[in-house]
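Comments concern the structure below.
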Amino acid sequence: MIRSVVRGIGSALPRRIMKNAEFEGMVDTSDEWIVQRTGIQQRHIAADDETTASLGESAARAALASAGLTPDDIDLIVLATSTPDNTFPATAVNIQNRLGMQHGFAFDLQAVCSGFVYAVTTADLYIKGGLARRVLVIGSETFSRILDWSDRGTCVLFGDGAGALVLEAEESQGALSDRGLIAASLRSDGVHKEKLYVDGGPSTTGTVGHLRMEGREVFKHAVGMITDVIEETFRQAGVTADDIDWFVPHQANKRIIDASAKKLGIAEEKVVTTVQLHGNTSAASVPLALSVAAADGRIKKGDLVLLEAMGGGFTWGAVLLRW
Ligand code: UT7
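Those letters in the sequence shown? Residues 31 to 353, by the numbering used here.
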């Protein structure tokens, strides 16, 4: 059988770092509140010349360099984003052009904060279906552009950035010990739309709109939904929490991450947490966290890695892979 194996990884962050204290003169908040309730200490904010496409391109170039590949080696680009450069064409096609690719195909995938988990499973199916041998899977976001900077309930939570993986087809026996994507579980439920959405769009207001969130409501659902899809993924693969080497969750709130890990019985030292550095970067959060843990030597070839995300829609999902 064919497995989709991680061949390279990269990331990109805007130059400007915004610390919590900078919000204190803008809205009624404090560094203490933000740290206590979310774990966030800082986030990166894109300048005018930094966009979802430019950050995505930088992350893609870094992933290609780490794989020892060039854009010529890539067949498909799947970009997870909810903050595209334009309504159309897809920002993935813009990135394809920026990389100088005049072959293959590219498209955007929109599942908000679960976008990267959806994109990895989508890329896996294109690889298994034989339509692509090597895929750049990118999560890139500029949420700073859709924030209401006068709403303290949301503006302190999000940040900008991008991360990318190169997935490559590899012959496998399909064993748990073999490298590549092993199992995945995806869910969505539109009944929760009003709890986390953007109040604009081409077909309704003709504007881009701003992010609106009932934070407490999202929080209430998050841990149960996350742990449900992870348990389903464990069942598919025949593993338990003890088998996991690294848990790389969506980075929205440290309290959600800690509660999910505790409910699943995943030891604290196996949890990769970067929310303190990046805030919530939506579809970029999982690949950014993966990049940090791969770069500092925690995630190594052969490790069993569990990814998870949950966000607007609601959408949620989990992926289990052997690094
Ligand atoms: O990535 C997509 C998924 N998104 C998430 O996972 C986000 C999920 N939600 C959360 O992370 C949390 O609900 C928040 C961080 C958004 C809020 O934390 P919370 O502990 O649920 O606080 P809360 O919404 O219950 O608000 C507590 C208080 C309220 O004041 P009152 O009504 O008790 O007087 C809020 O108005 O905190 C107030 N508050 C703030 N205070 C200072 C809300 N935002 C702020 C703020 N600074 N930035």
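Using N, Cα and C, we set each Cβ at its ideal position, and we do this for glycine too.
Note on geometry: alpha-carbon atoms of N116 and G86 lie some 14 Å from one another. The C-alpha of D275 lies about 24 Å from the C-alpha of S312.
In this structure G231 is in contact with G239, their Cβ atoms being roughly 6 Å apart against a cut-off of 8 Å.
Between G40 and R73, the beta carbon gap of about 20 Å keeps them out of contact (Cβ cut-off 8 Å). Not one heavy atom of the ligand UT7 falls within 7 Å of the beta-carbon of N127. With contacts defined as CB atoms closer than 8 Å, A110 and I176 fail to qualify as a contacting pair.
Annotation: T345 is outside any alpha helix (DSSP H); the continuous beta strand (DSSP E) that includes it extends over T345 to R352. Contact between L187 and F277 does not hold, since their C-beta atoms are separated by about 21 Å, which reaches or exceeds 8 Å. Contact between the stretch 196-211 and the stretch 316-323 is absent: fewer than 3 CB-CB pairs across the two stretches fall below 8 Å.
R67 has its CB nearer than 7 Å to a heavy atom of the ligand UT7. About 7 Å separates the CB atoms of M131 and I104; that is less than 8 Å, so the two are in contact. Taking C-alpha positions only, A122 is separated from A162 by approximately 16 Å. Going by beta carbons, G145 and P44 fall outside the 8 Å limit. Sixteen is the threshold: since fewer than 16 other Cβ atoms of the shown chains lie within 10 Å of the Cβ of T237, the residue is exposed.
Excluding the 5 residues flanking it on each side, D229 has same chain C-beta neighbours closer than 7 Å at G239, H240 and R242, in chain order. Scanning its chain for C-beta atoms nearer than 6 Å, with the 5 sequence neighbours on each side dropped, one finds around W179 the residues C185, in chain order.
Taken from the Cβ of G183, at least one heavy atom of the ligand UT7 lies inside 7 Å. The closest heavy atom of the ligand UT7 lies less than 7 Å from the beta carbon of R246.
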